[in-house]
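Every position in the sequence shown, counted from 1, becomes a number in our numbering once 32 is added. Ideal Cβ positions, reconstructed from N, Cα and C, are used throughout, including at glycine. Quick caveat: nothing in here was measured; it's all calculated off a predicted structure. A quick write-up on the structure given underneath.
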Amino acid sequence: MVKPATANEASAQATALWYAAARECVLNTEELTAPGPDECLVRTLWSGISRGTERLVFEGRVPESEYERMRAPSSRARSRFR
Numbered sequence: 033m034v035k036p037a038t039a040n041e042a043s044a045q046a047t048a049l050w051y052a053a054a055r056e057c058v059l060n061t062e063e064l065t066a067p068g069p070d071e072c073l074v075r076t077l078w079s080g081i082s083r084g085t086e087r088l089v090f091e092g093r094v095p096e097s098e099y100e101r102m103r104a105p106s107s108r109a110r111s112r113f114r
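What follows is the structure, given as structure tokens:
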């Protein structure tokens with residue numbers, strides 16, 4: 033059984049991928065907030081970009097009408113690029 037990390041045990045920062053422009057990504061340091069009562073903090077070692085939705089975002093091909101609908105729930109971004 034894996035013991036969940038608490039906010040005090042976990043790093044207070046994370047590395048986030050931001051799309052700066054079409055076909056241009058940057059890694060930014062983001063401050064983490066403490067997980068809520070029904071949330072958990074997960075440490076991710078690896079990730080990937082899918083050939084579907086994430087590729088459309090990376091290539092700057094998401095229509096403006098879809099920005100809000102395609103935005104991740106925890107994303108601070110509100111437009112195509114930061």
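DSSP bridge partner residues for residue i (one or two, in chain order)
i	result
Glu62	Ala46
Glu56	Ala53
For residue i, the first and last residue of its enclosing alpha helix (DSSP H)
i	result
Val89	Thr85 to Phe90
Arg101	Tyr99 to Met102
8 angstroms Cβ shell around residue i - same chain, five flanking residues per side excluded
i	result
Pro69	none
Glu91	Ala54 and Arg55
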